[in-house]
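For the working numbering, add 16 to where a residue sits in the sequence shown, where the first one is 1. All C-beta atoms in this analysis are idealised placements derived from N, C-alpha and C, irrespective of residue type, glycine included.
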Amino acid sequence: MAFPDTFTVTVNAVAKVLVKIPSGNPLETTYRLRGTLDQYDLVIRHKTFTDKNRGTINRHSVELQHTVYPVSPSTIPVIRKSYAVLEETPQDIVADVQKFDEAFAAVLSAANITKLLNYE
């Protein structure tokens, strides 16, 4: 089952509908919403590699980036980026990996993100 042709992210209670951009790489999917003031990019990547201690590792990553364009040529753009990386082995049980990753996602509550941004 593939990801859909659009991906919606909600920022500050506003739904942002990002559209899939064609790519020649079947292991990478990019979505984008370009506005007059800013741009959202969502990139999903997959990779398999070998670790000498653990064997074959499947690596999946999701990256969300928000670029706010500068209002004048003398200022620089504001870029916000968050990403998550999930690694698992082919012999692992998918349901167990899913439960583990859901637990990790729950750590990223609004309160905990505020604590991270305040260097707690």
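Would you report the Cα separation of residue i and residue j, rounded to the nearest angstrom?
i, j, result
"T24", "R50", "14 Å"
"A111", "D117", "10 Å"
"S90", "V84", "14 Å"
"N137", "I60", "For residue 137 there is no data in the structure shown, the boundaries of the chain being 17 and 136."
"I95", "H82", "6 Å"
"L34", "N69", "39 Å"
"A29", "G71", "43 Å"
"S12", "T45", "Outside the displayed range of the chain (17 to 136) lies residue 12, so it cannot be described from this structure."
"A126", "R48", "24 Å"
"F19", "N128", "29 Å"
"A31", "Y56", "12 Å"
"A119", "D67", "25 Å"
"Q114", "V101", "13 Å"
"V87", "P93", "8 Å"
Helix, strand or coil: how does DSSP classify residue i here?
i, result
"T137", "This structure leaves residue 137 out entirely; the chain is present only between 17 and 136."
"A100", "strand"
"T105", "coil"
"N128", "helix"
List the whole-angstrom C-beta distance separating residue i from residue j, where the pair is believed to meet the contact cut-off of C-beta under 8 Å.
i, j, result
"E104", "N74", "5 Å"
"E79", "K63", "Going by Cβ atoms, the distance from E79 to K63 rounds to 13 Å, so no, they are not a contact pair."
Taking the DSSP output, what are the residues bridged to residue i?
i, result
"L80", "L58, S98"
"T22", "V35"
**Q.** Runs of beta strand (DSSP E) lying entirely within the region 24–66, each at least 3 residues, in chain order
**A.** 30–37, 44–50
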